[in-house]
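**Student:**
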Amino acid sequence: MQTDILIYAIIAAVLVIWLRNILGTRNGDEQQRPNPYTDAAQKPKNIVGLDGQPFVVEENAALKKLDLPVDVISGIEDLSKSMRDFDPLKFVENAKDAFIMVVEAFAKGEKDTLEMLLTPGVYKSFESAINEREKNKETVSTEIHAVRKADIVEVKKQDGIAYVSIRFTADETCVIRDKDDKILSGDPERITEMVDVWVFGRKIKAKEPTWLLYETRDDEVEDHKTPIPETSE
Numbered sequence: 403m404q405t406d407i408l409i410y411a412i413i414a415a416v417l418v419i420w421l422r423n424i425l426g427t428r429n430g431d432e433q434q435r436p437n438p439y440t441d442a443a444q445k446p447k448n449i450v451g452l453d454g455q456p457f458v459v460e461e462n463a464a465l466k467k468l469d470l471p472v473d474v475i476s477g478i479e480d481l482s483k484s485m486r487d488f489d490p491l492k493f494v495e496n497a498k499d500a501f502i503m504v505v506e507a508f509a510k511g512e513k514d515t516l517e518m519l520l521t522p523g524v525y526k527s528f529e530s531a532i533n534e535r536e537k538n539k540e541t542v543s544t545e546i547h548a549v550r551k552a553d554i555v556e557v558k559k560q561d562g563i564a565y566v567s568i569r570f571t572a573d574e575t576c577v578i579r580d581k582d583d584k585i586l587s588g589d590p591e592r593i594t595e596m597v598d599v600w601v602f603g604r605k606i607k608a609k610e611p612t613w614l615l616y617e618t619r620d621d622e623v624e625d626h627k628t629p630i631p632e633t634s635e
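Residues in the sequence shown are numbered from 403 upward in steps of one, following the working numbering.
#1: Can you list, in chain order, the residues of its chain whose CB lies under 6 angstroms from that of Arg604, leaving out five sequence neighbours each side?
#2: Could you tell me the alpha carbon to alpha carbon distance between Gly523 and Asn533, rounded to whole angstroms?
#3: What residue range does the beta strand (DSSP E) around Ala572 cover?
#4: Tell me, please, which residues DSSP counts as bridged to Val599.
#5: Using DSSP with H/G/I as helix, E/B as strand and the rest coil, what is Glu540?
#6: So, is Thr633 buried or exposed, given that buried needs 16 or more other C-beta atoms within 10 angstroms?
#7: My output table needs one value for Thr612: the three-state DSSP class, helix, strand or coil.
#8: Whole angstroms is fine: what's the gap from Asp580's alpha carbon to Asp598's?
#9: Are Thr618 and Arg592 closer than 8 angstroms when you measure CB to CB?
#10: If you compare alpha carbons, which of Trp600, Val474, Gly588 is closest to Thr541?
#11: Would a C-beta distance cut-off of 8 angstroms place Leu470 and Leu615 closer than the cut-off?
#12: Check each candidate in Glu635, Pro590, Lys609, Arg569 and name the one with the smallest Cα separation from Glu622.
#13: Which residues bound the beta strand (DSSP E) around Ile383?
#14: What residue range does the beta strand (DSSP E) around Gly477 cover?
#15: Given Ile606, which residues of its chain have a CB within under 7 angstroms of its CB, disregarding the five upstream and five downstream residues?
#16: Excluding sequence positions up to five away, which residues of its chain have a Cβ less than 6 angstroms from the Cβ of Pro590?
#17: Alpha carbon to alpha carbon, how far is Ile630 from Met596?
#18: Go ahead and pull the three-state DSSP assignment for Leu452.
#19: DSSP state of Gly588, grouped into three classes?
If you want it as structure tokens, here you go:
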């Protein structure tokens, strides 16, 4: 009996050593492993900006930097559920570039550039304004000095399309001349303020991260500005 007990004791000791080697031991100082379900929402999101370049931001970091109204934040969070590549910070920066491109392309009459950035309905209004200007032999000279502010004022989804409205405040110099190069409006030595609200849209399920301009409208009545058509798709 004593021999049997000794054999069982040796087997038990071997098992304990084997289990420690396989499972390890805890002394209370180890970090708790995260729960893969409850902690998933706290992990950084891999997202892609409007230009298609991947980068990582912490949850809601972009929203805090933009200091947005509650209803806009709610709209962005709702949109992010359907479009995981949407990042508001990157979107605003790219929208500023698009704003400058559209305003200056319209002034120069660059229809090819406008056609790439506008929806067909909006483009038709811009094209009509350019054609009318050319018919009257008028010219528009515009320089955007700075886009001082670009605020997201509304985010919504409708009929499978995401819409983001941005209120732009920009400093520009715009001069309109007639066929004899006589100034009809504006001052080449004067910087004026331009305040517009533009609506960008993109099909939610679209594979290409391409946003188009769906609407343009004045937000404030200015004495003089680049005569961007007020239009919508």
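Note that CB positions come from ideal geometry on N, CA and C, so glycine has one too.
**Tutor:** Well, looking at it:
#1: Within the same chain, Arg604 has close Cβ partners Ala564, Trp613.
#2: Gly523 and Asn533: Cα-Cα distance of roughly 16 angstroms.
#3: Element bounds for Ala572: 563-579.
#4: As DSSP reads the structure, Val599 sits in a beta bridge with Arg569, Arg619.
#5: In this structure, Glu540 counts as coil in the three-state DSSP scheme.
#6: Thr633 should be labelled buried.
#7: For Thr612, the secondary structure class from DSSP, reduced to helix, strand or coil, is coil.
#8: Going by the C-alpha atoms only, they are around 25 angstroms apart.
#9: No, these two residues do not count as a Cβ contact at 8 angstroms.
#10: The shortest C-alpha separation from Thr541 is found at Gly588.
#11: Result no, Cβ atoms of Leu470 and Leu615 do not sit closer than 8 angstroms.
#12: It is Arg569 whose Cα lies nearest to the Cα of Glu622.
#13: Absent from the structure is residue 383, since the part of the chain shown begins at 403 and ends at 635.
#14: First-last for Gly477: 472-484, but that is the alpha helix (DSSP H), not the beta strand (DSSP E).
#15: If we look at Ile606 and ignore the five residues flanking it on each side, its Cβ neighbours are Ser484, Met485, Lys559, Gly562, Ile563, Ala564.
#16: Result list for Pro590: Val577, in chain order.
#17: In a straight line, the C-alpha of Ile630 is about 10 angstroms away from that of Met596.
#18: Low per-residue confidence applies at Leu452: pLDDT is 45, beneath 50, and the placement is therefore not dependable enough to give any value.
#19: Gly588: strand per DSSP, three-state reduction.
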